[in-house]
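Below: one structure, written as structure tokens.
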Amino acid sequence: GEVCVSVDSNGKIWCSSYGGGLYEYDWTSWHHWTVDNSPMYGTGPGDRYWAATVVLADPNNNIWVSSFAADSFLTMGVFAPYSPDSTWQLFIATDIGLTTNFVQAFKSQGNIMWIGRGDGLDRLDTGGDPFNISQHTWTTKISIVSIGDMELDNSGNLWLASSSGLFYLTPDMDTLGKMALPPLISGSVNAVQIDGVGNIWVGTVAGLGILKPNREEPNSSAWQTLYTTSNSPILGNNISDIAIDIPTGMIYIGTTTGLSIFDSGILPPSSNLADMAAYPNPVIVSDGVEYVEFKRVPSSGTMSIYTASGDLVARFDLSQRSTWDLRNSNGERVAGGIYFFHVKSGSASGTGKIAIIK
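Numbers given in my numbering equal positions in the sequence shown, counted from 1, plus 659.
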């Protein structure tokens, strides 16, 4: 069956299939790529069982597709579907210094293709041409943990979902760092995704967590919210996949017991910060509200809270958090009334208003 879906910049859909190869759909008809009409192959009698575990359309509309545990150590292939001859390039594990070909995840970053395998992480620098192997530079076995999913944050740090936990790799690191999971959702990590303001959504076998990344020190990133069946309507705790529609803030959460859809309200900010908002607003303290979450704010910048008379109440870095705990800089609960917030990020700035009712 289908195991992975990717959409290229022309809107064409690519689906990998475990045993059936690769499918493409142009919203009118389907085309099926198999061992008969492509140079790819798999395992079993005649190498016909092509287990395409993952597919990715890169920004240049090159299609990367795996062949899990294929014979002759075929690891993956890339092809240019919009070129006149649909050019292909295959990659053999033994040619690049690997002894296994269990590819489970791809992530594109400029000329770099990150490859997550069942027993490690590899980095391919294509030199700008995926089809000219003489320009390619491989860095293999950066780790030996099983990588099932990958995502890049707004600082270029790579976050990795692994059966061994949540890991990260900064541009200047040679080895992986490990991010501790909260006890409530600890265990194998199956999925990672980034939302419109840079939060990292992490799906594990025990629940869903939202991580606010620290741009300079990823290990100091802060967990914002945790969701399980005990505190949310999510259908199951074992999260298998996450997809985020950034323009709408809709979060699609695949679990082993069904699909949950969450309207997060987390939307990317406008360039002039004119549409920022606070939630809930008004804040009714007697309802048990303990913090305010800011929407459509940038992932970096300064948030300042003021009283109606202009006195500074609190100030914090948006790269650390995007919530306010209704306390002043001395840690004291603020009084009821009207408060104003001001955001400064680069050359952009904007303001908003919050009403607190005791």
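Each residue gets a CB set at the ideal place from its N, CA and C atoms; glycine is no exception.
When the Cα of asparagine 989 is compared with those of Ser802, Val972 and Gln979, which residue comes out closest? Indexing the sequence shown from 1 puts residue 989 at position 330. Closest by alpha carbon: Val972.
Following the continuous beta strand (DSSP E) through valine 972, name the residue where it begins and the one where it ends. On the sequence shown, position 313 is the one that residue 972 refers to. Here the beta strand (DSSP E) through valine 972 covers 971 to 976.
Contacts around valine 942, its chain only, beta-carbon distance under 8 angstroms, and the 5 residues preceding and following it disregarded: Within the sequence shown, residue 942 is the residue found at index 283, counting from 1. Hits under 8 angstroms: Val948, Val951, Leu985, Ile1013, Ala1014, Ile1015 and Ile1016.
Excluding the 5 residues preceding and the 5 following aspartate 978 in the sequence, name in chain order all residues of the same chain whose CB lies nearer than 6 angstroms to its CB. Residue 978 sits at position 319 when you count from the first residue of the sequence shown. The sequence given here has serine at residue 978, not aspartate. The residues are Arg874 and Ser959.
Where does glycine 703 land, buried or exposed, given buried means 16+ other C-beta within 10 angstroms? For this step, residue 703 is matched to residue 44 along the sequence shown. Burial check for glycine 703: the Cβ neighbour count within 10 Å stays below 16, so the residue is exposed.
Under 6 angstroms Cβ to Cβ from proline 830, same chain only, skipping five residues before and after it: list those, please. The sequence position of residue 830 within the sequence shown is 171, counting from 1. Taking proline 830 as the centre and dropping the five residues before and after it, the same chain places the C-beta of Gly815 closer than 6 angstroms to its C-beta, in chain order.
Quick one: Cα of glutamine 852 to Cα of glutamate 810, how far? As a first step, residue 852 must be located in the sequence shown, where it is residue number 193. As a first step, residue 810 must be located in the sequence shown, where it is residue number 151. Those two C-alpha atoms are separated by around 6 angstroms.
I need the straight-line Cα distance from glutamine 768 to phenylalanine 790, nearest angstrom please. In the sequence shown, residue 768 corresponds to position 109, counting from 1. In the sequence shown, residue 790 corresponds to position 131, counting from 1. Linking glutamine 768 to phenylalanine 790 through their CA atoms gives a straight-line distance of about 17 angstroms.
Using the C-alpha atoms, what's the distance from aspartate 784 back to serine 923? For this step, residue 923 is matched to residue 264 along the sequence shown. For this step, residue 784 is matched to residue 125 along the sequence shown. Computed Cα separation, rounded: 36 angstroms.
Judging by CA-CA distance, which residue of Asp788, Ser668 and Ile755 is the nearest neighbour of isoleucine 774? Numbered from its first residue, the sequence shown carries residue 774 at position 115. Ranked by Cα distance from isoleucine 774, the first of Asp788, Ser668 and Ile755 is Ile755.
Coarse secondary structure for glutamine 748, derived from DSSP in three states: Working through the sequence shown from its first residue, we reach residue 748 at position 89. Shown here, glutamine 748 sits in a strand according to DSSP, grouped into three states.
Please determine, among Phe765, Asp717 and Pro842, the residue with the shortest C-alpha to C-alpha distance to glycine 779. Locating residue 779 in the sequence shown gives position 120, where the first residue counts as 1. Of the residues Phe765, Asp717 and Pro842, the one whose Cα lies closest to the Cα of glycine 779 is Phe765.
Following the continuous beta strand (DSSP E) through glutamate 952, name the residue where it begins and the one where it ends. The count along the sequence shown starts at 1 and reaches residue 952 at position 293. In the DSSP assignment, glutamate 952 falls within the beta strand (DSSP E) that extends over 951 to 954.
Is the stretch 926 to 937 touching the stretch 852 to 861 in the sense that three or more CB pairs, one from each, lie closer than 8 angstroms? The answer is yes - the stretch 926 to 937 touches the stretch 852 to 861, with three or more Cβ pairs under 8 angstroms.
Collapsed DSSP secondary structure at asparagine 878 in the structure displayed: In the sequence shown, residue 878 corresponds to position 219, counting from 1. In this structure, asparagine 878 counts as helix in the three-state DSSP scheme.
For proline 939, which residues of its own chain have a beta-carbon under 8 angstroms away from its beta-carbon, when the five flanking residues on both sides are left out? Locating residue 939 in the sequence shown gives position 280, where the first residue counts as 1. Here the set comprises Val948 and Val951.
Can you round the beta-carbon distance between tyrosine 677 and alanine 710 to whole angstroms, since I take them to be within the 8 angstroms contact cut? Here residue 677 is taken as the residue at index 18 of the sequence shown, counted from 1. Here residue 710 is taken as the residue at index 51 of the sequence shown, counted from 1. The pair is a contact, with the Cβ atoms about 5 angstroms apart (cut-off 8 angstroms).
Can you check which of these residues, Gly786, Phe761 and Gly777, is closest to asparagine 770 by C-alpha distance? Position 111 of the sequence shown, counted from the first residue, corresponds to residue 770. Nearest of Gly786, Phe761 and Gly777 to asparagine 770, Cα basis: Gly786.
Can you find the residues in the same chain that come closer than 6 angstroms, C-beta to C-beta, to threonine 798, ignoring five residues on each side of it along the sequence? In the sequence shown, counting from the first residue as 1, residue 798 sits at position 139. Correct list, in chain order: Arg782.
Complete runs of the beta strand (DSSP E) confined to the stretch 784 to 849 [at least 3 residues]: Listed in chain order, they are 796 to 802, 806 to 811, 817 to 821, 824 to 828 and 836 to 838.
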